[in-house]
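Worksheet: the structure to be examined is printed underneath.
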Amino acid sequence: MVDSEIVSILQTVKTIALVGASDNPERPSHEVMAFLQGQGYRVIPVSPKLAGQALLGEKVYAELKDIPEPVDMVDVFRNADAAYGVAQEAIAIGAKVLWMQIGVVNTEAEALALKAGLTVVMDLCPKKEIKRLGIQK
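When we follow numbering that gives the first Met the number 0, the leftmost residue of the sequence shown carries the number 0, and every step to the right adds one.
Right, dumping it as structure tokens:
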């Protein structure tokens with residue numbers, strides 16, 4: 000993935016479902032969610048453990064399919080083995096982008112999502128990319 004494609008993704012998406020959200024401020028998923036909200040994105044947390052609670056002002060959902068509104072991008076903060084199932088769910092809800100965080104590398108999930116027409120980013124962090132590319136708000 001070239002920088003111009005990453006910039007395009009980050010400038011186009013508005014609503015992000017963050018799978019693997021944590022209520023622990025020390026966890027990267029919590030930090031990235033707060034950062035993305037500060038950049039103007041709507042970030043919807045997904046965590047079966049926290050479902051029904053509020054996290055950083057947003058209702059937490061157990062699964063992607065439970066989110067009652069369209070989602071542009073699914074940001075995966077789960078282990079690589081779980082990424083395939085998340086890719087299936089992202090396809091089912093009509094997401095446009097599957098973004099797998101640093102350390103989340105699953106070529107089967109990537110192939111599945113690409114075949115379904117999603118754009119895929121793997122082994123990168125949107126927070127770090129926003130800062131690196133100088134597109135911070």
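All C-beta atoms in this analysis are idealised placements derived from N, C-alpha and C, irrespective of residue type, glycine included.
Since we're looking at a predicted model, the values are computed, not measured.
(request) May I ask you to report which of helix, strand or coil DSSP gives D22? (result) coil
(message) Using C-beta distances below 6 Å, list every residue in its chain close to G19, excluding the 5 sequence neighbours before and after it, in chain order.
(response) S28, F76 and R77
(message) Suppose the cutoff is 7 Å on Cβ atoms and the five residues either side in sequence are ignored; what does the same chain contact list for T118 look like?
(response) I8, K95 and V96
(request) On a CA-only basis, which of A86, G116, I90 and A91 is nearest V104? Give me that one, please. (result) Closest by alpha carbon: A86.
(message) If I measure Cβ to Cβ from D2 and keep anything under 7 Å in the same chain, skipping five residues before and after, which residues do I get?
(response) L132
(message) If I follow the unbroken alpha helix (DSSP H) through V85, where does it start and stop?
(response) A82 to I92
(request) Label E188 either buried or exposed according to how many other C-beta atoms from any shown protein chain fall within 10 Å of its C-beta, with 16 as the threshold for buried. (result) Residue 188 falls outside the range modelled here, since the chain spans only 0 to 136, and no answer is possible.
(request) Assign D122 to one of two classes, buried (16 or more other C-beta atoms within 10 Å of its C-beta) or exposed (fewer than that). (result) In this structure D122 is exposed. Its beta-carbon is surrounded by fewer than 16 other beta-carbon atoms within 10 angstroms.
(request) Give me whichever residues DSSP pairs with P44 in a beta bridge. (result) L17
(message) If you measure between the beta carbons of E141 and V42, is that distance less than 9 Å?
(response) The chain is shown only over 0 to 136; residue 141 falls outside these bounds and no answer can be derived.
(message) In the DSSP output, which residue or residues are listed as bridge partners for L54?
(response) Per DSSP, E57.
(message) Mapping the DSSP letters down to three states, classify D65 as helix, strand or coil.
(response) Of the three classes helix, strand and coil, the one that applies to D65 here is helix, per DSSP.
(request) Can you give me the start and stop residues for the alpha helix (DSSP H) that L132 sits inside? (result) P125 to L132
(message) Cutting at 8 Å between CB atoms, please list the residues of its own chain near I101, excluding the five before and the five after it.
(response) D122, L123, C124 and K127
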